[in-house]
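Protein sequences, first through last, are from chains A and B. Mapping to the working numbering: the first sequence position 780 is 780, numbers consecutive. Mapping to the working numbering: the second sequence position 99 is 10099, numbers consecutive. For each residue, glycine too, the CB sits at the ideal point set by N, CA and C.
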Amino acid sequence: MDLYPIEYMCHNLPLMALSGLTIAHNSEPLHISTSGLESPAAVDPDFPNSFELYKAFNDDHHEAIWEPRAVKSDAKLQPTFRVIAVDKHYRLPSKKASPLSPRSTSSVSSGTRSPGLHSPLSPLSPESPLYPDGIMSQFWLRKYRNFLPSVVVSFHEIYTETEEVQMKINNDSELIKELNEQKRYFAERNVKLTAVIVSRKSILKSVDLNDRIAYLRKGTGLDARSGLCFVPPSSPVEIQVFAKELKSFLSPFALDFYGSLLKHARKKRGHNGAPALTSPSMQLLSPQGWNVRYELKQAVFSEYRQDIDLAIKFYGIAYESLLEVFKTIPADSSRWNEARALLDAIAFKILKCNLYLNLPVMAQKVFNVHLQSIAGLVEHTFSTTESYSFYGWKALQYQVLAQLLDLVPETISPRSVPFVGVDTEIVGPEFPSLNVLHHTGYQYLNAAHQTRMRKQLSRSSIIGVYDTYMTLPPDQEYTVDHNSLILGFLETAYSRFVGGNESQTRMQAHIAHQMAQIYFSDEKYPDALKYFYLAEGLYRKERWNYLLGYILNDAIYAAQQVQDKEQLVRLQLEFLSEGLGPWNKNAVNVPQFIQTNEEKPDGEVPEYVISSDNILSFFDVNFAFMISETHVSSTIASQLTIQSKHIAAAGDVIPSSLQINFSGSVKPIVITHDPSVSASRIKKLKIDDGDDIQKATASLQFKPNDIMTFEILQLLKKVETVSAVSVLFTFIQKSFVLKLAIDLDTAEPERAISRWFVEDDETLHSQYLSSLVPRSLTVKPKPPRVVIISNVKGPAYIGEELSIPLTLTSEEPEDIKLSMSVKVQNVEDQLEITGFWSDDDTKGSTIDLDVIASGSDSIIRDYTMRMPNETCDLVMVVTVTYQLLSDPEIDISKTHVIDLPVIFPFQVSYDLTPRIYPKKWPSPFFVYDLQSHSPPITKRWCLSATIDAVDMSHMEISDYDFKISNKTGIDLQLLDGPKELTHGPTPSDPYTHSFILDVTNNDAVERRVANADALLTLKWRRTTAKNKGEDSYNFFDLPILKLTFPLLEPRVLLDVESTSSDLVHLVYYIENATSHILTFSVTLDLNTDMSLSYPLRHQLRQQLLSKDPSAATGIGGRPSHDESDRRHSLSRDQAPPLQQHSIFNYEGNKQVGVRVLPSTCRRLDYDLLPLAVTSGWQRVPALRVYDTHFKKSLSVFPASEKFRIDFKTGAVYVNISSSSEDLSNNLGSEL
Amino acid sequence: MSFYLAIIGSKDNAIYSLDFGTYRQGGDGTSKFSADVRQLCPFIVHSSLDIIEEVQWTNSAMHLKVIDKFYNYLISAYVTSGNIKFLLLHETRADEVIRQFFVDLYDLYVKTLMSPFYSVDQAITSKVFDQRVKMLAKKYL
């Protein structure tokens, strides 16, 4: 890039000149041929705030090839200026050439007729470097870049030293004069002038400042916004804000400035061709040349206006036009090279502008077109492109592009991926990768490639006219160090690829290999080796063995040259591997690795240790245990299988020894080469156990592609996981010792699937091992040979003292010393229960059983513990630990787990049924308690409890305790009944017991219901318990039963007083405990047989007819409302026979309304005479009681257990006894 | 014609009750209440105690005459100076006869009260008293 003028490369920004801030360092006016401001401007220290002001305006001043702010973005374009500092008396470059120019005098006959003079840079001006036929030079660009500002900011100080009025007036007048002069001067050239008046004092200190500023503005005609600004003493931040704002104010003026220049250039272009001659001299620049000039000017002014799209357009036109102009330029003139440079610069500008617009693919297209155009041009002019200079130029183009891309942000030219802008998948045969802009590494690589081409062609002879653009003439070309150029490019490219990320490693290796080869050919072996190693590592990783072999071949030579013995040994060892392509035909075997005649005086030889991770090892090693799990102190077989894949030409490989290293406590096994032992496919090794290592001997002579298997038997003594970690091959030679360590851990997974080889009758069989990691073996503790049997049947019950018998049988062939411990805990580990051994005095959970002789009988021990008082799941872990008397060191233990769910021993279901209180209810008119409004009515209830258990047959209840507590509003009396619980006929049947409760309301307030808590405690034990003493009983508190007694609810009770086949007497009680009069409608069910089928009924009828025809025809009961006439005879003459089948004749009300007064109980009696039934359970007509006021049926409750009521249907079943004797008995007993 | 007599103590407690019939018009002296009504009688009588509470302060006489009606039954009341209430449930209006009956009954009650074995508001269980009341009923009603 440095070969081009900086003006061609840099981005053009509007120029702003700061005048008055710096000391005039050069009294001479600047000339355009100098670059302008070489030395940095010295800031005038006397000027107030000069440093801050200079810094604030000049903060972003740099020679930018790449201008980040020009990148197209959504954000609003910030006003940017290129800022230069000039002194107070700065003069703009002259617009017209001096008429008295010495060169022009000769050509211009007289100045009388001349309409005007040309710019000193125009090809028409004789003093111009372009005169007479140049197209464009960098000086014109430099003029606008460094000398002709679009905006001048002129700094002046206002006089504030004294408060003397006259002095102020004088100074201000002077300032006005100065400003007016400046204004006039710059206005001539259309340059915007902004005056900045700086004060040393603030307005507060010098009160008339405002007036004076206004006066200045008035006197100069500069406006307040952008014409004349006032800066009082301010902080740096304020000054920065001021500078930023002023810049944004001035930005439109700058755009206008360049806009008018653009317009001017367009106007000139419109004339199409050369301007009107000011002198009749020869006009050598062609009209096309002039057009190029004007297009270029338009492009540059567009660029100044930051109009990138327009700039691309004009640059493009200029480029095309310039290509045309080449036909008129002789190839051997200096104008040719000038034009070439201009062409390169235009192409570069277009490319860069495309990058500003974030169009990398377009930029690459511009680059490609440029290369093609120049190739065509060169071919046309010099008849060939195959010349060193053309390739040199191409290399330069790639280098310039790469240098530009180095500056470009990563979003446009990435580092970690080859390119952006298009989808990776698009790139292919249809759309070659040439079309996309690759990152800078690739460009350096291309530059290196082109330079290599240049080097190749540098020796070829050049005939005729030759191209010397950007290159040396052929006679000097040989002085160029091409290789260092190439290496420089490659080095940079390599650093760019490394700087990307891991994904570009192949390119890194490729470049490293190229560099290594260049160094190698230059016989710079240490450098060559350095890069060989870089490439080699990747080739090995990628398994590009052909390339690896190629590299090794050279690397070995290089290593031999530099005598790097360690690397030499490593490389040669790797070189022995087969499959490295044609390179290692003449690889040497291990003994010839180092050819030296040196004799070390002390006999010590160097030792080289090489890890298989760093080389492609020709030894393929597998280690496999036969099984993946075993017990301690057992012998286990394992196989080490080695295949030597070395090249045949090298002969046999014979390591002196090999060592297998294990993790864990297993000692390494060293197999020493013994030539006397015959080599066989499978060799069973004899292991000699040493202190540190285990030793064995075998033949270790490996023929090419030989596979050898060593079978090893080992005794494992520790509980651990053993794995074979590495195999170490040792080659002991005269002059060196080589150790090759092969790490089994890093073996690839597919190779880790190992086989087990069996040799049988000279044939080899193999089978795959099932283990995923066959080189690992888990050694487990010795299995215990003690049997623990616990005789636990069923669950444990809460609160009980449970004794668990544990039976222990030793099956060990020898005597053992044994102890047993028990741990009982909850599943959630929240609760731990301790118990005691029944036969042991110590109250611990561990019992020492001392020595148990082999073959002795089983030992039984009981462990007793108290169960918790809540249900839970206990786990009882019995751990038996013993040692063999012959081997007291090793503990062998066995664990026996017993699940012990703790549950309730009994489930009790309660049933609360009403009973008839035998005494009469108290009169409601009697005052029993002045506080109470209702008489104390006593109702009787029966609480029947059915006590059941999971395992009732093994449970025994000896006693119970029943308590009522928390009575509210009632008196409750428990009637003494039989104390024993009644048991079912078989032991597994549940216990039943009925508690009779008399409940009397005693509350002053009327209560609907009353509550009480009933607590039943059972005293029980297991029938299997050994201990039959009193202390063997457990107490079990059943959950508290909440009893609820309805006090007011009217109820209907049924009792059966007689159940003989002659008379069934039903008594219904309707109770009204309320203080209201209740009215019920009472109906007796239809007296028909609802259970018998027709044939049976028919049969019954026949029987009845034969017995008593009159009874058979008496059917149903007639409803009677007259209670005084309760006993009525059955209507024998009613209803035709066989229409209905009544089973009973009865006496009582069929349907009647019953009024029950407050606090009274009505009794309804029914006598039933069974007709068709002799005995057994028989459904009898039931009474339906309906509350006529509340429209609700009342359920009939049984008041005794002599009959059953189906609550769903309300059907009543009575067990009728067969004979009249029973009746008399029953009556007798009940009465 | 059936009657029901109740003597209510000073604390509204029942002291004595009796149902009986007339001997006139061929009556045999037993009450002819239906079972329902017989049960209901104490309730009817007791329910009229509330009215006595009000009427006794407006009427200076002991005999308050008919104070309440329940369907076609009438209730006459007599309040003694010791706040003992005599209540009679009857079917026809006969104030004068009933007044005489009450006066004689009061006489009987006072004699009972004079018994050293009897205290105020105690239930009267004397068979003699019972007999005398029945005699009074036969005499007047």
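Original post:
Does V927 of chain A have its Cβ less than 7 Å from a Cβ in chain B?
Top reply: yes
Original post:
For F10086 of chain B, which residues in chain A fall below 9 Å Cβ to Cβ?
Top reply: Correct list: empty, because the minimum Cβ distance to chain A is about 15 Å.
Original post:
What residues in the segment 10037 to 10056 of chain B bring their beta carbon closer than 8 Å to a beta carbon of chain A?
Top reply: Q10039, L10040, P10042, F10043, H10046
**OP:** Since I believe L322 of chain A is in contact with I346 of chain A (beta carbons under 8 Å), could you give me their beta-carbon distance rounded to a whole number of angstroms?
**Re:** 7 Å
**OP:** Note down, in chain order, every chain B residue with its Cβ under 8 Å from the Cβ of L1157 of chain A.
**Re:** Q10039, L10040, F10043
**OP:** Please report the Cβ distance between L658 of chain A and L716 of chain A, rounded to the nearest whole angstrom; I am assuming they are in contact, meaning their Cβ atoms lie under 8 Å.
**Re:** 21 Å between Cβ atoms; not a contact.
Original post:
Is the CB of A10137 of chain B under 7 Å away from at least one CB in chain A?
Top reply: no
Subject >> Under 9 Å by beta carbon: chain A residues contacting N10013 of chain B >> reply: F925, F926, V927
**OP:** Return the first residue and the last residue of the alpha helix (DSSP H) that N210 of chain A is part of.
**Re:** 209 to 220
Subject >> Contact under 7 Å by Cβ, S10031 of chain B with G10021 of chain B >> reply: yes
Original post:
At which residues does the beta strand (DSSP E) containing E1264 of chain A begin and terminate?
Top reply: The structure shown has nothing for residue 1264 of chain A, since chain A only spans 1 to 1231.
Subject >> Where the beta strand (DSSP E) containing F1197 of chain A begins and where it ends >> reply: 1196 to 1198
Original post:
From this set, A:Q567, A:E578, A:E566, A:E523, which residue's C-alpha is nearest N545 of chain A's C-alpha?
Top reply: A:E578
Subject >> Cβ neighbours of A311 of chain A in the same chain (closer than 6 Å, five flanking residues each side left out) >> reply: A299, S302, E303, C353
Original post:
From the DSSP output, which residues share a beta bridge with E181 of chain A?
Top reply: Per DSSP, none; premise fails for E181 of chain A.
Original post:
How about N58 of chain A: is its Cβ closer than 6 Å to a heavy atom in the ligand HEM?
Top reply: What this structure holds is no ligand at all, so the ligand HEM is not there to describe.
Original post:
Whose C-beta lies closer than 6 Å to the C-beta of L141 of chain A among residues of the same chain, with five residues either side of it excluded?
Top reply: E7
Subject >> Local conformation of G134 of chain A per DSSP, three classes >> reply: coil
**OP:** Please look up how many angstroms separate the CB atoms of V927 of chain A and N10013 of chain B, rounded, as I've assumed it's under 8 Å.
**Re:** 4 Å
**OP:** Taking only the alpha-carbon atoms, compute the straight-line gap between K939 of chain A and D971 of chain A and give it to the nearest angstrom.
**Re:** 11 Å
Original post:
Can you round the beta-carbon distance between K782 of chain A and T630 of chain A to whole angstroms, since I take them to be within the 8 Å contact cut?
Top reply: Incorrect: roughly 10 Å between the Cβ atoms, too far for contact.
Original post:
Do you know offhand how far Q1151 of chain A's Cα is from Q973 of chain A's?
Top reply: 37 Å
Subject >> Own chain residues within Cβ distance below 6 Å of N180 of chain A, not counting five before or after >> reply: T220
**OP:** Name, in chain order, the residues that DSSP records as bridge partners for P1046 of chain A.
**Re:** A:V1009
Original post:
Going by Cα to Cα distance, which pick from A:V1082, A:S1175, A:I654, A:R415 is closest to S1195 of chain A?
Top reply: A:V1082
**OP:** Kindly confirm or deny that the segment 754 to 774 of chain A and the segment 602 to 617 of chain A touch, where touching means at least three C-beta pairs closer than 8 Å.
**Re:** no
Original post:
How big is the Cα-Cα spacing for I10015 of chain B and G10009 of chain B?
Top reply: 6 Å
**OP:** Go to K10065 of chain B, then tell me how far its beta strand (DSSP E) extends in each direction, as first and last residue.
**Re:** 10063 to 10070
Original post:
Starting from N553 of chain A and walking both ways along the alpha helix (DSSP H), at which residues does that stretch end?
Top reply: 545 to 562
Subject >> Which of helix, strand or coil DSSP assigns to V378 of chain A >> reply: helix
**OP:** Just mark N446 of chain A as buried or exposed, buried being the case when its beta carbon has 16 or more other beta carbons within 10 Å.
**Re:** buried
Original post:
For the beta strand (DSSP E) that contains R785 of chain A, what are its first and last residues?
Top reply: R785 of chain A -> no beta strand (DSSP E), and no H or E assigned at all.
Subject >> Segment limits, alpha helix (DSSP H) that includes V1154 of chain A >> reply: Where V1154 of chain A is concerned, there is no enclosing alpha helix (DSSP H), although the beta strand (DSSP E) it sits in stretches over 1151 to 1156.
Subject >> Contained alpha helix (DSSP H) runs [length at least 4] in the segment 267 to 347 of chain A, N- to C-terminal order >> reply: 287 to 304, 308 to 325
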